[in-house]
Each structure stands twice: as C-alpha cells, then as structure tokens.
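Scroll down for the structure; my scribbles are underneath it.
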Amino acid sequence: MRSELVSIILPTFNRGFCLRAAIDSVRAQSHNNWELIVVDDGSTDGTPDLMSHYADDSRIRYVQRANGGGSAARRLATPG
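This is the structure in structure tokens:
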C-alpha cells in the first residue's frame, strides 16, 4: 500500500526557542512520506543557524524571506 505525501507548511518568526520541538515532532511521526516547508518570515533570533542542523534531511526545505506576515509566508510555500 502506497502512502500519500503529506506537506506541512510551518511559518515562523523569531520562534527559535520552540522551532526545534516542532520539527522534531514532525520527524517523529509514524507516517514517513512527508515534506516540511519551514518559511522564515524575517527572523532575527538565529533561526537560520538552528535550521542548519536539519540540512541533511531532504524532506525539510527551509525558505527565508523578508517579514511579510504569517499569511504571506504560507502563500509563499503553497504550490500554484
């Protein structure tokens, strides 16, 4: 049985203190066919450094952008 791809869009802004827990929670799920798109909406708290720890996981994509708000971050990550 083939499992469908699940796409998770995670906008973040200066939430490095809880971002690792959120990402690790996704990685710990029993469903393994997923992609995580973390959209950094202009963080100034070291989020890029934190995200470098996940560079070896091809299921995680990190996108940086200038601050435009959560809705803009979600639209950026949504295909089409």
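Reading the sequence shown from the start, the letters are residues 1206 to 1285 in my numbering. We treat Cβ as the ideally placed atom computed from N, Cα and C, and that holds for glycine.
>> What residue range does the alpha helix (DSSP H) around Leu1224 cover?
In response: Membership of Leu1224 in the alpha helix (DSSP H) is indicated by the continuous run 1221-1232.
> Among His1258, Asp1261, Pro1253, which one has its Cα closest to the Cα of Val1268?
Replying inline: Comparing Cα positions, the closest option is Pro1253.
> Is Asp1245 helix, strand or coil when you go by DSSP?
Replying inline: Strand at Asp1245.
>> Which of the three DSSP states is assigned to Ser1193 in this structure?
In response: Since the displayed the chain opens at 1206 and closes at 1285, residue 1193 lies outside it and no answer follows.
> Can you give the Cα-Cα distance for Ser1208 and Pro1216, rounded to whole angstroms?
Replying inline: Straight-line Cα distance between these residues: approximately 25 Å.
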